[in-house]
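So the structure is just underneath, and the comments pick up after that.
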Amino acid sequence: PFISAMIIIEALFTGAYAVNLHDVTQGGPPIVTEEGILFRYEDHQNPPRYVMVSGDFNSWEIPLLMKKNQHNIYVYMYSATDAHSVVLRKGRYRYRYLVDGIWQPDPRNDNTVYDSYGTALSFFENRPAAAPRIPPNAN
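Pasting the structure below:
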């Protein structure tokens, strides 16, 4: 199980495979993939009835409803192909979760900033992918 979890996590980070939201087995900070931004939320001690996400990436518009998969992880893939989505430029994006009607920062993301009202917001960085390394004798 540990090895398969590591393969899934590596695939998410490298963008080597399409992300299947049903296969996400743990919550954590958002992951930038080739498909978009993968949001993952879990709370096994106090299972929520619903979880939504909103932030700079969607101009703090209507919060987006996350779906609970078979592992009890709430997931949402924010992609440029969604009608409400825009292509994200590189930079820092703040966000929060709406859990059973209560706004909160991401409990699994240590990256926190405070807005002008003193509200804690989580953030993630959208960085350009590193260029592939080409061995010197690849020709």
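The end of the sequence shown is residue 1238 by our numbering, with every number in the run present. Glycine included, each C-beta is placed from N, C-alpha and C at the ideal position. Nothing here was measured: the structure is a model prediction, and the numbers come from that model.
Go ahead and pull the three-state DSSP assignment for residue i.
| i | result |
| --- | --- |
| Leu1220 | strand |
| Leu1120 | helix |
| Gly1190 | strand |
| Gln1125 | coil |
| Asn1171 | coil |
| Met1176 | strand |
Under the DSSP definition of a beta bridge, which residues are partnered with residue i?
| i | result |
| --- | --- |
| Arg1195 | Ser1153 |
| Asn1225 | Gly1190 |
**Asked** Residue ranges of each beta strand (DSSP E) run of no fewer than 3 residues wholly in the stretch 1127 to 1166, ordered along the chain?
**Response** 1127 to 1131, 1136 to 1140, 1150 to 1154
**Prompt:** Counting Cβ pairs, one atom from each stretch, are 3 or more of them under 8 Å apart for the stretch 1155 to 1175 and the stretch 1126 to 1140?
**Reply:** yes
**Message:** Under 8 Å, with one C-beta from each stretch per pair, do the stretch 1193 to 1200 and the stretch 1149 to 1161 reach the 3-pair mark?
**Reply:** yes
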